[in-house]
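Visitor: Going from the sequence shown to the numbering used here is simple: count from 1 and add 550. Quick reminder that beta carbons are idealized off the backbone N, C-alpha and C, glycines included.
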Amino acid sequence: MNAEYHMLHYLYEFEVMLPQQLADLLNYSTKTVYNKLGQLRQRGKVRSVDASMYKRGVKAFYLSTNEAKNVAKSRNELYLFKESEWGMPPGDLLNTILANQFFCDLIKVCRPIPGAGLIEWIGSRTFMAENIKDQKGIPIIKGYTDFRNKEQRRDVFLNILIGKESLRVVRDMLIMHYEAIQQMFPSESSRVLLLFLCLNERSVNNVLELASDLVEDSRFPFIAAVQAQTLFSKGVLAPVWKSRDKQISLLDMPYKNMEVVQDEKLLGKRKVKKFPYPDPDGLGVIR
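Below, the structure is given as structure tokens:
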């Protein structure tokens with residue numbers, strides 16, 4: 551499978567991405583990926599949207615309706631496909647970009663560290679598929695990753711709070727995530743990380759206030775929150791996450807002991823097959 555195939559599938563799974571984010575995943579230069587996105591846009595496979603609310607002068611990319619259907623078909627997920635969802639970029643554009651940036655920053659910072667990185671990264675599309683297929687009642691979240699740091703494994707669930715949620719809504723989110731994590735990790739749920747990336751400090755405080763009442767249950771996942779601007783300015787591994795009465799790093803959070811994973815199995819550590827040149831139309835897309 552070549553890089554174009556992966557690029558289209560990443561745009562399906564993670565909905566909308568910046569060229570730099572795709573470059574981090576594919577381990578290519580931003581210029582190379584941007585040029586490829588330009589070719590895909592000319593062929594009607596992707597569309598661009600202004601993302602200046604994230605950073606001035608930046609464009610984000612998402613799949614065209616037809617290409618989204620092609621990818622859904624290749625994943626046996628046509629039952630999920632809704633044409634109305636792909637005619638325009640996601641309504642929560644900024645939230646999606648911020649969530650994707652967290653995982654891409656983690657990939658990038660781990661690249662020079664042997665045995666550190668992401669084995670997998672799952673977006674909301676997969677959670678949606680699991681909900682409908684198995685009726686598990688898993689809440690839709692912005693992402694999950696199996697994050698490794700040598701012999702340490704951390705199961706990380708990430709969600710975004712924009713600051714308009716009431717305390718009741720945030721409490722319901724915490725409980726829904728707790729119940730879902732209990733289903734997926736019945737014997738180790740207290741070592742699962744439930745992280746909230748917040749657009750303002752009010753949301754951070756709401757999470758911590760509610761979590762303090764819930765974590766008396768020893769099975770409750772580890773909860774931490776941070777303001778997005780703080781995390782991205784200081785670095786994704788900086789000790790800026792707030793949990794209870796202290797600030798910690800992602801590397802200070804609970805983990806499970808596992809065997810060290812070879813770098814070639816970690817996202818962004820090895821380039822996938824080079825972009826085809828010349829570039830025949832449709833190469834790499836499963837129909």
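Could you tell me which of Ala774, Val811 and Gln779 sits nearest to Asp795, measuring between CA atoms?
Guide: Answer by Cα proximity: Ala774.
Visitor: Near Glu738, what residues of its chain come up, given a Cβ to Cβ distance below 7 angstroms and the 5 sequence neighbours on each side ignored?
Guide: The residues are Lys806.
Visitor: Between the alpha carbons of Glu635 and Leu758, how many angstroms are there, rounded?
Guide: Rounded to whole angstroms, Glu635 to Leu758 spans 34 angstroms at the Cα level.
Visitor: For the putative contact between Thr676 and Glu563, defined by C-beta atoms under 8 angstroms, what is the C-beta separation to the nearest angstrom?
Guide: 7 angstroms between Cβ atoms; contact.
Visitor: Give a single yes or no on whether Ile657 has its beta carbon closer than 8 angstroms to a heavy atom of the ligand PLP.
Guide: In the structure on display, the ligand PLP does not appear, and there are no ligands present to speak of.
Visitor: Output the distance between the C-alpha atoms of Tyr604 and Tyr560, rounded to the nearest integer angstrom.
Guide: Roughly 20 angstroms separates the two Cα atoms.
Visitor: Leaving out the 5 sequence neighbours to the left and right, which residues in its chain are closer than 7 angstroms to Met567 when beta-carbon positions are compared?
Guide: Tyr560, Leu561, Ala610, Phe611 and Asn650, listed in sequence order.
Visitor: Kindly indicate which residue of Gln797, Arg769 and Arg703 has the alpha-carbon position closest to the one of Ile725.
Guide: Comparing Cα positions, the closest option is Arg769.
Visitor: Drop a sphere of 10 angstroms on the beta-carbon of Pro639, count the other beta-carbons inside from all chains shown, and report buried for 16 or more, exposed for fewer.
Guide: Buried, because 16 or more other Cβ atoms sit within 10 Å of the Cβ of Pro639.
Visitor: Which of the three DSSP states, helix, strand or coil, is assigned to Ser762?
Guide: Ser762 falls in the helix class under three-state DSSP.
Visitor: In the structure shown, what three-state DSSP assignment does Tyr578 receive?
Guide: Three-state DSSP puts Tyr578 in coil, outside helix and strand.
Visitor: CB-CB under 8 angstroms to Leu817, same chain, minus the five flanking residues each way: which ones, in chain order?
Guide: Cβ neighbours of Leu817 beyond the five flanking positions: Leu575, Ile657, Gly667, Leu668, Ile669, Glu670 and Trp671.
Visitor: Select from Ser602, Arg606 and Leu613 the residue whose C-alpha is nearest the C-alpha of Gly588.
Guide: Among Ser602, Arg606 and Leu613, the Cα nearest to that of Gly588 is on Leu613.
Visitor: Whose CA, out of Val706, Asn755 and Val596, lies closest to the CA of Leu800?
Guide: Nearest of Val706, Asn755 and Val596 to Leu800, Cα basis: Val706.
Visitor: With a cut-off of 8 angstroms on the beta carbons, I'd call Ile731 and Pro771 a contact; round off their distance for me.
Guide: 5 angstroms between Cβ atoms; contact.
Visitor: Just mark Leu787 as buried or exposed, buried being the case when its beta carbon has 16 or more other beta carbons within 10 Å.
Guide: Counting Cβ neighbours within 10 Å, Leu787 comes out buried, since at least 16 surround it.
Visitor: Measure from the alpha carbon of Leu711 to the alpha carbon of each residue in Asn552, Tyr555, Lys595 and Leu648, then state which is nearest.
Guide: It is Leu648.
Visitor: So, are the CB atoms of Leu708 and Phe782 less than 9 angstroms apart?
Guide: No, they are not a contact pair.
Visitor: Could you spell out the range, first to last residue, of the beta strand (DSSP E) harbouring Leu711?
Guide: Leu711 -> beta strand (DSSP E) spans Gln702 to Leu711.
Visitor: Mapping DSSP to helix, strand and coil, what is Met678?
Guide: Of the three classes helix, strand and coil, the one that applies to Met678 here is helix, per DSSP.
Visitor: Enumerate in chain order the residues of its own chain whose CB-to-CB distance from Lys815 is below 8 angstroms, with the five nearest sequence positions on each side excluded.
Guide: Cβ neighbours of Lys815 beyond the five flanking positions: Ile669.
Visitor: Drop a sphere of 10 angstroms on the beta-carbon of Leu717, count the other beta-carbons inside from all chains shown, and report buried for 16 or more, exposed for fewer.
Guide: Under this definition Leu717 is an exposed residue.
Visitor: Can you tell me which of Met678, Gly594 and Arg591 puts its alpha carbon nearest to the alpha carbon of Phe631?
Guide: Looking at the Cα atoms, Met678 is the closest of the given residues.
Visitor: Which of helix, strand or coil does DSSP assign to Val659?
Guide: Note: Val659 maps to helix in three-state DSSP.
Visitor: Residues in its own chain within less than 8 angstroms of Arg820 by CB, not counting five upstream and five downstream?
Guide: If we look at Arg820 and ignore the five residues flanking it on each side, its Cβ neighbours are Asn577, Asp813 and Glu814.
Visitor: Alpha carbons only, please: which of Gln570, Leu643 and Gly607 is nearest the one belonging to Lys581?
Guide: Ranking Gln570, Leu643 and Gly607 by Cα distance to Lys581 puts Gln570 first.
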